[in-house]
Each structure stands twice: as structure tokens, then as C-alpha cells.
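K.L.:
9 is the number of the first residue of the sequence shown in this note's numbering; add one for each residue after it. The beta-carbon is built from N, C-alpha and C at its ideal position, and this holds for glycine as well. This structure is a prediction, so every number in the text was calculated from the model and none was measured.
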Amino acid sequence: MSKENKKLITKKILQDAVKDAFIKLNPKYMAKNPVMFVVELGFLLTLFLTFFPNAFGDKGDGLRLYNAIVTAILFITVLFANFAEAVAEGRGKAQADSLKKTRKDTKAKVIDESGTITVMGASQIKKGDVVLVEAGELIPNDGEVIEGLASVDESAITGESAPVMKEAGGDFSSVTGGTKVVSDYLKIEITATPGESFLDKMISLVEGAARQKTPNELALSTLLVSLTLIFLIVIVTLYPMAKYLNINIPISTLVALLVCLIPTTIGGLLSAIGIAGMDRVTRFNVIAMSGKAVEACGDVSTMILDKTGTITFGNRLASEFIPVSGHTVEEVTKYALISSIKDGTPEGRSAVELANKNGITVNEADYVDGEFMEFTAQSKMSGINLADGTKIRKGAGSAVKKFAESLAGKVPSDLDAIIERISKLGGTPLVVCVDSEIYGVIYLKDTVKPGMVERFQRLREMGIKTVMCTGDNPLTAETIAREAGVDEFVAECKPEDKIAVIKKEQALGKLVAMTGDGTNDAPALAQADVGLAMNSGTVAAKEAANMVDLDSNPTKILEVVEIGKQLLITRGALTTFSIANDVAKYFAIIPAIFLMAIPEMKALNVMHLGSPNSAILSALIFNAIIIPALIPIAMKGVKYRPMRSELLLARNLLVFGLGGVVVPFAGIKLIDLLINPILKVLNLG
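Following this line, the structure appears as C-alpha cells:
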């Protein structure tokens, strides 16, 4: 993402927002926001009365001018509400324009079953086609690498300049259309049809075309509509009552009263708050598949986190070879090296490097005929079967002990103590054996990322429980959990265990978030209320999740949850401010309207405004200008501080509730002091 695109509001966004604010005046569009639609209808009514002031029998000096002033203020009110939404949408459109530059109809080299290459436009390729992409060429569409190893530049999507390695198999075989191969070549099986790629979905989402109102947003909209209908009935009833009491209330005054009574502030900002919430996630380089996903983050009460790569650096590297009784360090090192010759994992490569560093080397050609045994979740071991029948294994203590015992071997008396010591240090012990004889242990060391303790403390203050999932044994898991500060852990965790944990928490009425990148994470990501998939992960993981992190940083779920909470707090705070606002406006307008006919209402005229017309217009002007004044808060969000919910509620009531009463009193009084002399000159005072 470009530096320009990271800015909150640019000059172009403001220019486009002004134009869009007028376009949105279309009644078909305004009908989607019932509160502001009522304001627009009021504007049309007072506009009519500006030209025909006596159409409903209203009388009075300067009525035409008064109606024109009310009309102008109502027009500005609607325009400001549209402007707020357009500014929020402008952020998404700016990023969408940037992404569209990436989406080109590039040339694709399609390989048929006979190996013949046919060059065609990317828009012509189909799901299931196999394409060849060489260095310097763009990947035509989303797919899975089936052959080759190459570095891929994903900066057009992620904004990160460092290329990432992609290869066949594993969790880093997924590629995205529009990214560029910068070295070697890749053969890719296309997994998306034209127009339905990840990039296309991103553009649709950030533009707002795919945005739907969230359940909370719909509930609040229903409340706002209900309040609007109630006040509409009140105002309609007020007109005959005024006639009965011989009080002359112009229709435009009643329209102004209605607009000031209904919740126009939050009605004008509600859509902008939701759009800005999704945009804050997007600017954080996370694509949310819906506003509901962002909102759900705010209600998360349990977080499932992988240990490796999330809580720890994930670089479990060999740091020491420890022999068991009867064997030497050199023997353990030698067999650990032989078992790791064909092991391409970081752990295997680190064992080779440490052995070489310690002066132990072997001729790889001597073991070329050996059968390499890959690590699996079931066997929990890897190793090699040599040509002479010798079986060398390294893996989890329990698995290797069973393997040795199955060949009539004995477990050394000091093995368990060594395993326990390494586990208590937070390391991972890999036991090495040759046939039935156990030679020693490889100490794999992993470290907790800096700042994780503070992060988990923040989550605890938010009321969020953290659960660490790891394939490590219980002792190692307990040590890491204690060091990092997580609340619970699941050791020797399998994919189905994650689903079980999620379902257990959901059965208690909790919303659960988790991260993942592999195909085996897909079921759990789909089960979680908030599933954050890594962009570097598999297609299955990304399709199962409702959020995708373009930076592939598993710890980002912590910040995303805070953004979700900030969205809910911002909406709640501005709703509180809006309702409190209306209370202050009641004291400004209602006494002013009835004061002439009902002198007793003087007790309610606490603001001592200049005249009835001045009071009405001051409240109406304040009602209009408060909407753009709150746009920065709607866009940036109310700052979230981790604290108990009751303290958070008390703080928001104090700041936005009390502030929502005090600010209008001061603002309306100030406006009254400014316009009252003008109204007197115009004979409207």
C-alpha cells in the first residue's frame, strides 16, 4: 500500500466527497437512511413554502425569508451528512483505485496435457488451467504452485517490498493474481475464475460495494427509525394543539423542531462510522470480508493462538546435542546429522548447521540411497532408513521411546530427566535413536516474542481469555504459557482439538477468534466467529476465514480485536452524544415556541435566547454543523483503553453523555448571540 494511501484524508478524497455529497441527494439513495430522508423531505417542504409561504395558511412578517433560511440550513444538514459518508467511502475508493492498477489483463502461458504452451490473455484462462510464470512476469490469477521454487513480489497488494518464497506443497504454495515472480519459475494451477480472484474481492470490499450493514448497525437503525416516527407523530399532533391555543406556529418552525428532535447527528454519521471501521482494518493491511467480521472482533471474549510464529518466533533451532548415559556428544551429533540430511524443515537444517559448526560432517553421497521418512502428526518422528537396513529416527520423546521399545530396545534411565529439563526451559526435545538404541536428545530452542506479556495483559484487561495451542508436550507448553502470560494452553494439539476448544467456548456463549494459514486450519477458521487467515497461507484457509492478513503476521489478531472494540465504542459514544445533544435542543426550542402563549414555560427557558426565531435557527444551525465537526472522530475512532466494561461505560457517559449536553448549550447560546442582531436587522428577531 502506498504512503499516500496510508493517509487518513487526502485533498482528492475531500474533493470527491464534496461531489458525492450532492450526488447522494437523490431521494432513491437517501431512502436508505430514513432519518436523513425525513430531513430531506423537510427541506423540500420548506423549499415549497419559500415560494408559497401562505399555502397552509401561515401568516407573519418576513415569513418567506424565514422559510428560506430554514430551507438553506436543512439543505446544509443533509449535505453534511452525505459528506460524512462520502469521506468515509473515499478512503476505500482510493485504495480500490490503487489495487485496480495492479489488475491487468496480462498474458498467460497455459500448458496443456502434452506440455504445449499457448499464450493467451489472463481473462481467457479457466479454473483448473496450468500456467507457467517465469521471472519478471505477473501471475495471471489466483492459484496453487504445483512445481518450482521462486520468490514472489507481493508489494502491489501488501505494500511490503521484501519478496516471499513460494513452492509446491506445504502452507506457502498459494499465490495471488497480480503479483510478480522475481526469480526462477513457477507452474501454477489456477484456482479462481476471472473476476472472482482474491484481488477482485479486495477491490469490491474496499470500494464498499460488498458492504452490508452489521446486526448491531441494523438494530441501531431500527431504534433511530422508531424515534423518528415517534417525534413525527408528536409534531403532527402539535400543529392542531397550537391552533386550538391560538398559537401561530409556521410549518417551517415545526419542520425545524422535528429535525432538531430526531437523532440526526448519529443518523448522519452511522454509515460513516461503519465504513470507517472497516477502513481502519484495511489500512492495517487486513481485508475484512464483511463489516460483521470487524464488529465481531469487538465482542470477542476468547482468542485461540498458535504458539509457533504467533507467541514465539517459531524458529525452533538446534542449540545443543545432549547424550544419554553410555554415549558421547559426538555420537548424538553424528546420527542427528545423518537423520537431518534430507530434512528441509528449519529444525532439520539447523541440526545440520550445528553439527557442522561443532566439526562433525558426513559425505551426503553415502546416504543418497537412503529412504527419508518425513515428519507426520501421527508418527511425530522423521528420519532415514539406510541402504543397509539401519533405521535412524528423531522426534518426540514418547514416539521415539515406543519406536525403540518396538525393536526390543530399552529406554535410558536419564532420558526422561533430560526431556523434562529441556521442556521446563521452554525448549523442544527431539530424541535421537538408531534402531533400538537411544543415543541422546537435540535441544530445540524457541523464544517468546518481546512484548507478548504486556499484550496478553491488555487482552486480560479487555476481558478476553487467551488459549495457546501447540503440538509441544505439556511441560514445554506450560513453560511457554507461563512465560508469555496466556490464560490456558492445549498441548500436543491436533487440528480437531482446535475445533473442540472453539465449540466449547461458543457453547458458553463466547465469541472466539483464531488465526491460521494451513489447509488443516480451515475447519477451525470456519468454526471461529473471527477467523484471520494469512495471505501466505493456502486457498482453503483464506476461503474459510472472514479476514485475511496481507502481511501474514499471526500476532496481528491482537490489534484487529482492538480495532473491533474501537468500532463498537465509537458507535456507542457518538450515539450517546447524539441523544444527549437532543436533550439540550429541547430546552432551546420548545420553550421558545410556546413562551408567548404560555408564560409559565419561562421557567424552562434556561438558555435565555434572544427570540423564538433566534432560538429555533440557532438550534438548527448547531444541529447542522455538529455533523462535520464529528467526522474526524467517526473516521479516526474513539481511542480505546483496556478497562472493565462498567468503567468504560461510566467513562463514555461522563465524556460523551455530559459533553453531549454541555456542548450544545454553549454552542446554541454562542450562535444565538451571533445571529440575533442579524435577525433584528431583517425584522425576524
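(1) In whole angstroms, what is the alpha-carbon distance linking T18 and P640?
(2) May I ask you to list the residues that DSSP assigns as paired with P636?
(3) Are V302 and M286 touching if we call contact CB-CB under 9 Å?
(4) For K342, tell me which candidate among T310, E328, L71 has the shortest Cα-Cα distance.
(5) Quick check on DSSP: helix, strand or coil for R579?
(6) On the premise that V294 lies in contact with V556, defined as a C-beta separation below 8 Å, what is that separation, rounded to the nearest angstrom?
(7) Out of P458, L452, K502, Y451, which one is the CA nearest neighbour of M476?
(8) Please check if any C-beta of chain D sits within less than 9 Å of the C-beta of A416.
(9) Hey, which unbroken runs of the alpha helix (DSSP H) at 4 residues or more fall wholly within the segment 286 to 349?
(10) Going by C-alpha to C-alpha distance, which of A637, I629, V646, P650 sits closest to L678?
(11) Run the CB neighbour count on E513, radius 10 Å, all protein chains shown included, and call it buried at 16 or more, exposed below.
(12) On the DSSP letters alone, give me the boundaries of the alpha helix (DSSP H) that R490 sits inside.
(13) What is the DSSP secondary structure of E121, reduced to helix, strand or coil?
(14) Which residues share a DSSP beta bridge with S182?
(15) Any heavy atom of the ligand PLP within a distance shorter than 8 Å of the CB on T316?
(16) Is the beta carbon of T114 closer than 9 Å to that of L146?
(17) Just to confirm, are T273 and N631 a CB contact at a threshold of 9 Å?
(18) Would you call P685 buried or exposed, if buried means 16 or more other Cβ atoms sit within 10 Å of its Cβ?
(19) For the alpha helix (DSSP H) containing L265, name the first residue and the last one.
(20) In the structure shown, what three-state DSSP assignment does A521 receive?
(21) Are the segment 240 to 248 and the segment 577 to 596 touching by the rule of at least three beta carbon pairs closer than 8 Å?
(22) Is L692 helix, strand or coil when you go by DSSP?
(23) Excluding five sequence neighbours on each side, which residues of the same chain lie with their C-beta closer than 6 Å to the C-beta of G282?
(24) Tell me the rounded alpha-carbon separation between S347 and E162.
(25) In whole angstroms, what separates the C-alpha of M128 from that of L558?
(26) Per DSSP, D161 is paired with what?
(27) Taking buried to mean at least 16 other C-beta atoms within 10 Å of its own C-beta, is F411 buried or exposed?
(28) Hey, quick one: how far does the alpha helix (DSSP H) through F664 stretch, first residue to last?
(29) Compare the C-alpha of G471 against each of T310, L240, D24, L253 and name the closest.
(30) Along the chain, which unbroken stretches of the beta strand (DSSP E) at least 3 residues long are found entirely within the segment 396 to 420?
(31) Helix, strand or coil: how does DSSP classify K593 here?
(32) Does DSSP classify G282 as helix, strand or coil?
(33) Would you kindly work out how many angstroms separate the C-alpha atoms of D396 and F380, rounded to a whole number?
(34) Going by beta-carbon coordinates alone, are A344 and A363 separated by less than 9 Å?
(35) If distances are taken between C-alpha atoms only, which option among L73, I634, A176 comes closest to L87?
(36) Tell me the rounded alpha-carbon separation between D24 and I31.
P.N.:
According to the structure data:
(1) As a working note, residue 18 is residue 10 in the sequence shown. As a working note, residue 640 is residue 632 in the sequence shown. So the two alpha carbons sit approximately 13 Å from each other.
(2) Your numbering for residue 636 matches position 628 in the sequence shown. Note: P636 sits in no beta bridge, so no partner.
(3) In the sequence shown, the residue the question calls residue 302 occupies position 294. In the sequence shown, the residue the question calls residue 286 occupies position 278. Yes, Cβ-Cβ distance for V302 and M286 is below 9 Å.
(4) Here residue 342 refers to the residue found at position 334 of the sequence shown. Of T310, E328, L71, the residue nearest in Cα terms is E328.
(5) Looking up residue 579 in the sequence shown gives position 571. Helix, per DSSP.
(6) Here residue 556 refers to the residue found at position 548 when the sequence shown is read from its first residue. Here residue 294 refers to the residue found at position 286 when the sequence shown is read from its first residue. That belief holds up - the Cβ atoms of V556 and V294 are roughly 7 Å apart, short of 8 Å.
(7) The sequence position of residue 476 within the sequence shown is 468, counting from 1. M476 has its Cα closest to that of K502, out of P458, L452, K502, Y451.
(8) Of the protein chains in the structure, only one exists, and it is not chain D.
(9) 299 to 306, 337 to 348
(10) As a first step, residue 678 must be located in the sequence shown, where it is residue number 670. Nearest neighbour of L678 by Cα position, chosen from A637, I629, V646, P650, turns out to be I629.
(11) On the sequence shown, residue 513 is found 505 positions in, with the first residue counted as 1. That one is buried.
(12) The residue you call residue 490 lines up with position 482 of the sequence shown. 482 to 492 is the span of the alpha helix (DSSP H), which, as asked, contains R490.
(13) Mapped onto the sequence shown, residue 121 falls at position 113. In the structure shown, E121 sits in coil (DSSP, three-state: anything other than H, G, I, E or B).
(14) Indexing the sequence shown from 1 puts residue 182 at position 174. According to DSSP, S182 bridges with E152.
(15) Among the components modelled here there is no ligand, and therefore nothing to report on the ligand PLP.
(16) Here residue 146 refers to the residue found at position 138 when the sequence shown is read from its first residue. Here residue 114 refers to the residue found at position 106 when the sequence shown is read from its first residue. Yes, these two residues count as a Cβ contact at 9 Å.
(17) Position 265 of the sequence shown, counted from the start, is the residue given in the question as residue 273. Position 623 of the sequence shown, counted from the start, is the residue given in the question as residue 631. Contact: yes.
(18) For the purposes of this step, residue 685 is identified with residue 677 of the sequence shown, where counting begins at 1. Exposed.
(19) Translated into the one-based positions of the sequence shown, residue 265 becomes position 257. Where L265 is concerned, the enclosing alpha helix (DSSP H) stretches over 259 to 269.
(20) One-based indexing of the sequence shown puts residue 521 at position 513. If DSSP states are grouped into helix, strand and coil, A521 belongs with the strands.
(21) no
(22) As a first step, residue 692 is located in the sequence shown; it is residue number 684 there, counting from the start. Coil, per DSSP.
(23) As a first step, residue 282 must be located in the sequence shown, where it is residue number 274. Within the same chain, G282 has close Cβ partners E225, G299.
(24) Within the sequence shown, residue 347 is the residue found at index 339, counting from 1. Within the sequence shown, residue 162 is the residue found at index 154, counting from 1. C-alpha separation (whole angstroms): 35 Å.
(25) Sequence index remark: in the sequence shown, residue 128 carries index 120 (1-based). Sequence index remark: in the sequence shown, residue 558 carries index 550 (1-based). Spanning the two alpha carbons is a distance of roughly 29 Å.
(26) The residue labelled residue 161 in the question sits at position 153 within the sequence shown. Partner(s): K188.
(27) Against the sequence shown, residue 411 aligns to sequence position 403. Buried.
(28) Taking the first residue of the sequence shown as position 1, residue 664 is located at position 656. Premise fails: F664 is in no alpha helix (DSSP H) and is neither H nor E.
(29) The residue labelled residue 471 in the question sits at position 463 within the sequence shown. The residue with the shortest Cα to Cα distance from G471 is T310.
(30) 399 to 403
(31) Locating residue 593 in the sequence shown gives position 585, where the first residue counts as 1. The answer is helix: DSSP assigns K593 an H, G or I state.
(32) For this step, residue 282 is matched to residue 274 along the sequence shown. If DSSP states are grouped into helix, strand and coil, G282 belongs with the helices.
(33) Walking along the sequence shown from the start, residue 396 turns up at place 388. Walking along the sequence shown from the start, residue 380 turns up at place 372. Their backbone Cα atoms lie some 14 Å apart in a straight line.
(34) The residue given as residue 344 occupies position 336 in the sequence shown. The residue given as residue 363 occupies position 355 in the sequence shown. The answer is yes: Cβ separation under 9 Å.
(35) The residue you call residue 87 lines up with position 79 of the sequence shown. Of the listed residues, the one whose Cα sits closest to L87 is I634.
(36) Residue mapping note: residue 24 aligns to position 16 of the sequence shown, counting from 1. Residue mapping note: residue 31 aligns to position 23 of the sequence shown, counting from 1. The alpha-carbon atoms of D24 and I31 are separated by roughly 11 Å.
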